[in-house]
Structure formats: structure tokens, C-alpha cells
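Enquirer:
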Amino acid sequence: MPSPEASLIRLLQAACSGELAAGYAYRGHARSVKSAADRARLRTIESEEWHHRALVQGLLMELGARPRPVREAVFWLIGHGIGLLCRLGGWFVPMYGAGKLERTNIVEYEDAARFAAASGHEDMIECLLEMAEVEWEHERFFRERVAGHWMLRLFPKWEAPPPKEAIRSCYGNLNELQQLSESRQASPADSSRARG
Ligand SMILES: [Fe+2]
Ligand SMILES: [Fe+2]
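Heads up: the sequence shown begins at -2 in this note's numbering, then just goes up one per residue.
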């Protein structure tokens, strides 16, 4: 079974490529909508995905890891492909597909935060939970936009996430966790003893 740190790296590599695809997909999606309000929100979401990608790249670097080149290439193609299809797929399908994907993105960063906690990288938890919270807002936007659309009779609505507060409810005092992590980094010998 992979260690929590190996699982964290694997998940961050997946997230890094996912953010790349999301960035290009939302760029195409923004170009495909007529409503100026939708376009503005999609552009904001795109910029938040690029910000996530930069954060995830930084976390990978801290862990001594890098994005996986083949996965990056595949997701670059996927992102451009979806961006192009958004112009052909009408209004509903891109909104629906994005909402479903954002739902999984919340869980991806929640899982990453759990692996960070389990592998002694408590200093990464705050960043990962913040990204989960931003994905929660993305999912809400798409869920609200498709609400009441007649095509939901053909495409069943995905399960709504728990309330946003639930994302960090099990982490208690994050400052304490961060201090613990900093003290471990300051004295690695002590921390390895403490972990036994
Ligand atoms: Fe993201
Ligand atoms: Fe997102």
C-alpha cells in the first residue's frame, strides 16, 4: 500500500493536470456563452484554476516531486478539446459537465488534505482546504445555473456537496497543526523520534 506521502504526491499530480485541463476548458466555455454575467464568472473561475495549478506545483516542489509529463500532455489536449466542444455543445451540457467535475474536485482537495495530515505535512492543509472551498463555490455556481432546466429530466442532477463549513470541520485548530509541522521541520531528529 502506498504511503500517505506517496498518495499525496499522486493526488497532487492528478490535480495539477486537472487544473491545466480546467483552465483551457473554461477559457473555451467563457467564449461560448452569450450572457455577459456567465462569461465574467467563467473567466474568474478560469483564473482561479490557474492559481490552483500554481499552488499545486508549489506543493509538489516542496515534496520533491513534479507533474507527470504524459498526464500533463493528455490533459492539455483534454482541456483544449472540451474548450472547443463547448462551442458546439449548446449551453446546458458544458454547464452540467462542469458542475459534475467541480463536485469531484472538492473531494480531491479534501482527500489531499487528509493525506497531508497523515504524512506530517500539516502546513499544507490550509492551502488544500482553501482550494476545496473555492471548488465548492465553483460547483455551487454551476448547480444554480442548471437548476430548473428541462434537460435535467434527461441528465439526473449530481449529488450536492455537504455545506461548505463541513470541509474544515474535522481539522480543529489549524494554527496548532501548522505550529506542530513547523516545529518538526525545525528539528527533524526530534520529529523522527516522535513518530517512532
Ligand atoms: Fe481548481
Ligand atoms: Fe474549479
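For every residue, glycine included, the Cβ atom is placed at its ideal position computed from N, Cα and C.
Bear in mind that the values here come from a model prediction, so they are computed numbers and not experimental data.
Could you tell me the alpha carbon to alpha carbon distance between Ala12 and Ala183, rounded to whole angstroms?
Expert: 29 Å
Enquirer: Can we count Glu16 as close to ligand 1, meaning its CB is less than 6 Å from some heavy atom?
Expert: yes
Enquirer: Taking the alpha-carbon positions, what's the Glu130 to Val53 distance?
Expert: When rounded, the distance between both Cα atoms is 15 Å.
Enquirer: Measuring alpha carbon to alpha carbon, tell me which of Thr41, Leu60, Ser29 and Trp73 ends up nearest Glu16.
Expert: Trp73
Enquirer: Are the CB atoms of Gly78 and Phe139 nearer to each other than 7 Å?
Expert: No, the Cβ-Cβ distance between Gly78 and Phe139 is not below 7 Å.
Enquirer: Have a look at Asp108, Ala157, Ala34 and Arg38 and flag the residue whose alpha-carbon is nearest the alpha-carbon of Cys167.
Expert: For Cys167, the closest alpha carbon among the candidates Asp108, Ala157, Ala34 and Arg38 is that of Asp108.
Enquirer: Assess, as a yes-or-no matter, whether the region 33 to 51 is touched by the region 116 to 136 under the definition of 3 or more beta carbon pairs within less than 8 Å.
Expert: yes
Enquirer: Taking the alpha-carbon of Gly20 as reference, which of Glu69, Arg63, Lys31 and Pro160 has the nearest alpha-carbon?
Expert: Glu69
Enquirer: Would you say His49 touches ligand 1, meaning its beta carbon is less than 6 Å from a heavy atom?
Expert: yes
Enquirer: Looking at Ala110 and Leu125, is the spacing between their C-beta atoms short of 7 Å?
Expert: For Leu125 and Ala110, yes; Cβs fall inside 7 Å.
Enquirer: If you count every other CB in all the chains shown that lies within 10 Å of the CB of Cys83, and 16 or more means buried, which is it?
Expert: Counting Cβ neighbours within 10 Å, Cys83 comes out buried, since at least 16 surround it.
Enquirer: Taking DSSP as the reference, what is the three-state secondary structure of Pro(-1)?
Expert: coil
Enquirer: Less than 7 Å between the C-beta atoms of Ala22 and Arg40, yes or no?
Expert: no
Enquirer: Between which two residues does the alpha helix (DSSP H) containing Pro66 stretch?
Expert: Pro66 to Leu82
Enquirer: Does at least one heavy atom of ligand 2 sit under 6 Å from the Cβ of His135?
Expert: yes
Enquirer: Is it right to say Val30 is buried, meaning 16 or more other beta carbons lie within 10 angstroms of its own, or is it exposed?
Expert: buried
Enquirer: Could you give the C-beta distance for Tyr93 and Val143, rounded to a whole number, given that I count them as a contact under 8 Å?
Expert: 5 Å
Enquirer: Can you find the residues in the same chain that come closer than 7 Å, C-beta to C-beta, to Arg63, ignoring five residues on each side of it along the sequence?
Expert: Leu57
Enquirer: For my contact list, Leu60 and Glu2 are in at a C-beta cut-off of 8 Å; report their separation, rounded to the angstrom.
Expert: 7 Å
Enquirer: Can you grab the Cα-Cα spacing for the pair Phe152 / Arg7, in whole Å?
Expert: Phe152 and Arg7 have their C-alpha atoms spaced approximately 31 Å apart.
Enquirer: Just the Cα atoms here: how many angstroms apart are Arg38 and Met121?
Expert: 28 Å
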